[in-house]
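**Q** Read in order, the letters of the sequence shown are residues 45 to 399 in the working numbering. Backbone N, C-alpha and C define an ideal beta-carbon position, used for all residues, glycine too. Before I ask anything, here is the structure I am working with.
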Amino acid sequence: MWVPGAGIPSRLTLSAFTRAGRFCVLNSGVARWKDVPAENCRGLYDFHTQLKPDVEFGKLSSRLYKSRSETKRYVTSPRVAETVVRMLRGKRKAGQLILECNPGPGVLTRALLESGARVIALESDKNFIPELKSLGNSVNGRLEVIYCDFFKLDPRNHGMVTPPVMTSDMLFQYLGVKAHPWKKGFPLKVVGILPAKTERNTLWKILHDLYSCSSVYKYGRAELNLFISEKECRKLTANPQTPALYQSLSVLGQTACGIKVVCTEPSSLFDTYAIKGELEKQRHRESLEQNLCFVQLTPHRNLFTGTLTPFNYDVFFHMLRQCFMKRNAKLIDHLPSLSPIDAVHILKQIKKKRM
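Structure below.
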C-alpha cells in the first residue's frame, strides 16, 4: 500500500491538484485549498466512476453510443496481422490473455486465435459485434467479445457511465483478473490502434494512469502494444539531440516505460471505418495518411522508488511541464514555482548528496 509522501522530507512533500500550479504543503497528511470545501479538494484520480444501475454488464445497452462522427482505424492486412502475432508470440507465456482493443472486422483477431492465443475482444462499435461473437462460437471459448471501448476506460469526473464506456474494476472483475504486485508483471497484454483524432490526449491519459497506478495499471504492469502515428511516435522516442521533438511527453514516457518501435507500416494497410461499421474515405488526410508505428510500452519494474510514488507523481508532471515551457531558463529560476523551499537551499542539498 502506498503511503502519502513516503520517502520525502515533510517540508518538501507537495501535492498538485487538478488545476495546474495549485500546491499545498502537506504537514499532517491533509491538504486543502482555503477557498474550497474539503469535499471538493480531490486529487487527479479521486473521482470514481460507476456503472448506471439499470445497465447489465453482459447485455448491450439500449442507449446509443454518442460520438462526434468518430472514425477508427483497423488492421485489415493479413500481413500486418501476422507481424503483430509474431511479435506477441515471442514473449507470450502459456495461458496468457491478449486483450484486443476495437478489433473491428476481426482480421487480427483471427490471426491471434490461429496462433493459439486466448483473446478478449473489446469492441466499441455494435455493428462488428455479431460477427465477432459468431467467430467466438467456433473457437471453443478462446474468444470473448465485450461491448467496451478500452481507450475510454475510467473517464475522469463522470459519476455514471454506460457501455461502451465503463470502469476497469468492472471489466477485470467480470474477466476474473486479479491485481498483481507491480514487480511481478501482469498476465495480460493489450494490443490495438490509438484513436486517430485523440491520439495525443490518449497518450497523456495512459501516462497519467500509469504513474498514478490507476485504471488498468491498478492491476499490475500491463504491457501495451499499440499502433501509433509516426508523428507521435517520433515525439515519444525523441531525445535531447532532437529538441524540436523532445518534450515532456518524451521524458515521462521514457522514464515510465521501455519503449520499443517494432515496425512501421503504411496507412494504406489500415482501413478507416465510421462509427456505423461502414468503410469511410480518408477525409482527414493529415492525421490518417501517416505511417503507423507498432510500439511496445512496457512499464519499468523500478519506476516507483522512495521518492516517486503514485501519490506524488503529479508534482513530477508539473515540474516537467514548467521546465519545458521555459527551456532556456536555469534550474534555480524554475525552483521557486515548483517548491516553497528556498531554491538555493535545495541546490545545496542536492550538491551534498552528490558529494
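Let me check you understand the geometry: is the CB of Ile164 closer than 7 Å to at least one non-hydrogen atom of the ligand PLP?
**A** The ligand PLP is not part of this structure, which contains no ligands at all.
**Q** Less than 8 Å between the beta carbons of Tyr191 and Pro207, yes or no?
**A** yes
**Q** How about the region 234 to 246 and the region 261 to 274: do they share at least three Cβ pairs that are nearer than 8 Å?
**A** yes
**Q** How many angstroms separate the CA atom of Ser256 from the CA atom of Ile390?
**A** Going from the Cα of Ser256 to the Cα of Ile390 covers about 26 Å.
**Q** Start and end of the alpha helix (DSSP H) containing Cys367?
**A** In the DSSP assignment, Cys367 falls within the unbroken alpha helix (DSSP H) covering 357 to 369.
**Q** Considering Cα atoms alone, identify which of Asp198, Glu126, Tyr263, Val359 is closest to Pro343.
**A** Selected option, being the one with the closest Cα: Tyr263.
**Q** Taking 8 Å as the limit between beta carbons, can you name the residues of its chain near Gln176, skipping five residues before and five after?
**A** Checking the displayed sequence, the identity of residue 176 turns out to be Leu instead of Gln. Hits under 8 Å: Pro147, Gly150, Thr153, Ala165, Glu167, Leu187, Val189.
**Q** Measure the CB-CB distance between Gln291 and Phe355 and report whether it falls below 8 Å.
**A** no
**Q** If I follow the unbroken alpha helix (DSSP H) through Ile250, where does it start and stop?
**A** Per DSSP, Ile250 belongs to the alpha helix (DSSP H) from 243 to 255.
**Q** Gly297 to Val305, Cα distance in whole Å?
**A** 13 Å
**Q** How is Asn269 classed by DSSP in three states: helix, strand or coil?
**A** Three-state DSSP puts Asn269 in a strand.
**Q** Determine the DSSP secondary structure at Ile385, reduced to helix, strand or coil.
**A** coil
**Q** Using alpha carbons as the reference points, say which of Arg200, Gly160, Asn171, Met204 lies closest to Gly185.
**A** Gly160
**Q** How far does the alpha helix (DSSP H) with Gly180 in it extend, from its first residue to its last?
**A** 173 to 180
**Q** Please specify which runs of the beta strand (DSSP E), each continuous and at least 3 residues long, are wholly inside the region 162 to 236, giving them in chain order.
**A** 162 to 167, 187 to 191
**Q** In this structure, how does DSSP classify Tyr118 when only helix, strand and coil are distinguished?
**A** strand
**Q** Considering only C-alpha positions, which residue in the set Leu379, Asn346, Asp253, Glu126 is nearest to Trp226?
**A** For Trp226, the closest C-alpha among the options Leu379, Asn346, Asp253, Glu126 is that of Asn346.
**Q** Within the same chain, show all residues whose beta-carbon is closer than 7 Å to that of Val129, passing over the 5 residues directly before and after it, in chain order.
**A** Ala155, Leu156, Ser159
**Q** Measuring alpha carbon to alpha carbon, tell me which residue in Lys370, Ala387, Leu382, Gln366 is nearest Ile376.
**A** Ala387
**Q** Under 8 Å Cβ to Cβ from Arg371, same chain only, skipping five residues before and after it: list those, please.
**A** Pro287
**Q** Going straight from the alpha carbon of Asn283 to that of Thr299, what length do you get?
**A** 12 Å
**Q** Taking just the CA atoms, how far does Lys395 sit from Ser72?
**A** Note that Ser72 scores 31 on pLDDT, short of 50, meaning its location in the model is unreliable and no value can be drawn from it.
**Q** Relative to the alpha-carbon of Leu409, which residue among Arg117, Ser121, Phe216 has its alpha-carbon at the smallest distance?
**A** The first residue shown for the chain is 45 and the last is 399, placing residue 409 beyond what the model contains.
**Q** Kindly indicate which three-state DSSP category Gln298 falls into: helix, strand or coil?
**A** helix
**Q** Run the CB neighbour count on Arg117, radius 10 Å, all protein chains shown included, and call it buried at 16 or more, exposed below.
**A** buried
**Q** Thr342 by DSSP, collapsed to three states: which one?
**A** strand
**Q** If we count the other Cβ atoms within 10 Å of its Cβ and call it buried at 16 or more, is Gln285 buried or exposed?
**A** exposed
**Q** Taking Cβ to Cβ, would you say Leu247 is nearer than 8 Å to Ile303?
**A** no
**Q** Out of Glu274, Lys196, Asp169, Leu141, which has the shortest C-alpha to C-alpha gap to Leu219?
**A** The shortest C-alpha separation from Leu219 is found at Leu141.
**Q** For Pro384, count neighbouring Cβ atoms within 10 angstroms of its own Cβ and tell me buried if that reaches 16, exposed if not.
**A** exposed
**Q** Name the residue from Asp193, Arg365, His224 whose alpha carbon lies nearest to the alpha carbon of Lys400.
**A** Absent from the model: residue 400. The displayed extent of the chain is 45 to 399, so no value can be given.
**Q** In this structure, does DSSP put Leu238 in helix, strand or coil?
**A** coil
**Q** Would you kindly report the start and end of the unbroken beta strand (DSSP E) that includes Leu141?
**A** 141 to 145
**Q** Any idea what DSSP makes of Leu289, helix, strand or coil?
**A** DSSP places Leu289 in coil when its eight states are reduced to three.
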